[in-house]
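Visitor: Okay, here's the structure, questions in a sec.
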Amino acid sequence: MNTDLRSKQAQSIAVLCGQLAGVLQNKRWLLATAESCTGGMISAACTDLTGSSAWFERGFVTYSNEAKTELLGVDAALIRQHGAVSEEVARAMAAGAVDRSRAQVSVAVTGVAGPTGGSAAKPVGTVWFGFKVGEQLSSEMRRFDGDRAAVRSATVQHALQRLLELLHEAG
114 MNTDLRSKQA QSIAVLCGQL AGVLQNKRWL LATAESCTGG MISAACTDLT
164 GSSAWFERGF VTYSNEAKTE LLGVDAALIR QHGAVSEEVA RAMAAGAVDR
214 SRAQVSVAVT GVAGPTGGSA AKPVGTVWFG FKVGEQLSSE MRRFDGDRAA
264 VRSATVQHAL QRLLELLHEA G
């Protein structure tokens with residue numbers, strides 16, 4: 114990914130965080146993140162904003178399967194059955210982030226950022242997203258192109274954009 118594109122994407126992420134801050138503060142809700150493949154990048158983007166303590170509660174970086182189980186309460190059997198990069202695990206991560214925090218909203222990501230680790234079923238660039246907004250739990254999968262940095266950056270951008278959409282849908 115070239116420098117100009119990365120700069121534009123960083124600006125876009127900052128704008129999304131600003132919009133997210135406004136919506137969450139308006140609703141008086143707090144956000145928790147549960148991140149695997151992004152390693153805390155969503156949390157970092159959110160807390161880059163001054164005043165983020167008013168709406169950002171905490172971030173869980175759960176890169177290993179053990180961390181997902183210990184910190185978020187994801188059932189180890191679920192990980193064994195479906196794999197860490199799966200809809201089931203993304204949903205459990207999102208639910209666990211809310212259950213183990215004071216937040217009402219969460220976003221969770223688990224994926225294969227590359228350049229290794231992919232398979233035929235889950236190629237490099239595959240990312241599962243989990244979202245909890247109030248009592249609503251949802252999930253979706255995306256495949257992103259590019260190198261590791263591009264996949265991770267696209268994951269952050271999509272997580273923030275989709276969370277904003279879900280918050281607007283929630284009213």
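Just so we're aligned, residue 114 is where the sequence shown starts under this note's numbering, counting upward by one. Cβ coordinates follow ideal geometry from the N, Cα and C atoms, glycine included.
SER232: buried (16+ other C-beta within 10 angstroms of its C-beta) or exposed?
Guide: The residue given as residue 232 occupies position 119 in the sequence shown. With fewer than 16 other Cβ atoms within 10 Å, it is exposed.
Visitor: Helix, strand or coil for SER278, going by three-state DSSP, please let me know.
Guide: As a first step, residue 278 is located in the sequence shown; it is residue number 165 there, counting from the start. Just to set this straight, residue 278 is Glu in the shown sequence, not Ser. In this structure, GLU278 counts as helix in the three-state DSSP scheme.
Visitor: Which runs of the alpha helix (DSSP H) spanning at least 4 residues fall entirely within the stretch 168 to 219, listed in chain order?
Guide: 178 to 185, 189 to 195, 200 to 212
Visitor: Please determine, among LYS245, THR268, ARG265, the residue with the shortest C-alpha to C-alpha distance to GLU282.
Guide: Taking the first residue of the sequence shown as position 1, residue 282 is located at position 169. Cα-wise, what sits closest to GLU282 is LYS245.
Visitor: So, is ALA190 buried or exposed, given that buried needs 16 or more other C-beta atoms within 10 angstroms?
Guide: As a first step, residue 190 is located in the sequence shown; it is residue number 77 there, counting from the start. The residue in question, ALA190, is exposed, as its Cβ has fewer than 16 Cβ neighbours within 10 Å.
Visitor: In or out: THR163 buried (at least 16 other Cβ within 10 Å) or exposed?
Guide: Your numbering for residue 163 matches position 50 in the sequence shown. Around the beta carbon of THR163, fewer than 16 other beta carbons sit within 10 angstroms, so the residue counts as exposed.
Visitor: For the beta strand (DSSP E) containing SER252, list its first residue and its last residue.
Guide: In the sequence shown, counting from the first residue as 1, residue 252 sits at position 139. It spans 249 to 256 - the beta strand (DSSP E) in which SER252 sits, taken as one unbroken run.
Visitor: DSSP on LYS245, reduced to helix/strand/coil?
Guide: Within the sequence shown, residue 245 is the residue found at index 132, counting from 1. DSSP places LYS245 in strand when its eight states are reduced to three.
Visitor: In chain order, what residues of the same chain have a beta carbon less than 8 Å from the beta carbon of GLY227, not counting five sequence neighbours either side?
Guide: As a working note, residue 227 is residue 114 in the sequence shown. So the qualifying residues of the chain are VAL237, GLY238, ASP260, ARG261, VAL264.
Visitor: Anyone know if the C-beta pair for LEU137 and TRP168 falls short of 8 Å?
Guide: Position 24 of the sequence shown, counted from the start, is the residue given in the question as residue 137. Position 55 of the sequence shown, counted from the start, is the residue given in the question as residue 168. Their beta carbons are under 8 Å apart, which means LEU137 touches TRP168 by this criterion.
Visitor: Using only alpha-carbon positions, find the residue among SER166, GLU183, LEU250, THR229 that is nearest to ARG215.
Guide: In the sequence shown, the residue the question calls residue 215 occupies position 102. Closest by alpha carbon: SER166.
Visitor: Please work out which residues of its chain come closer than 6 Å, Cβ to Cβ, to ILE155, disregarding the five sequence neighbours upstream and downstream, and give them in chain order.
Guide: Translated into the one-based positions of the sequence shown, residue 155 becomes position 42. Taken in chain order, the residues that qualify are THR146, GLU148, VAL269, ALA272.
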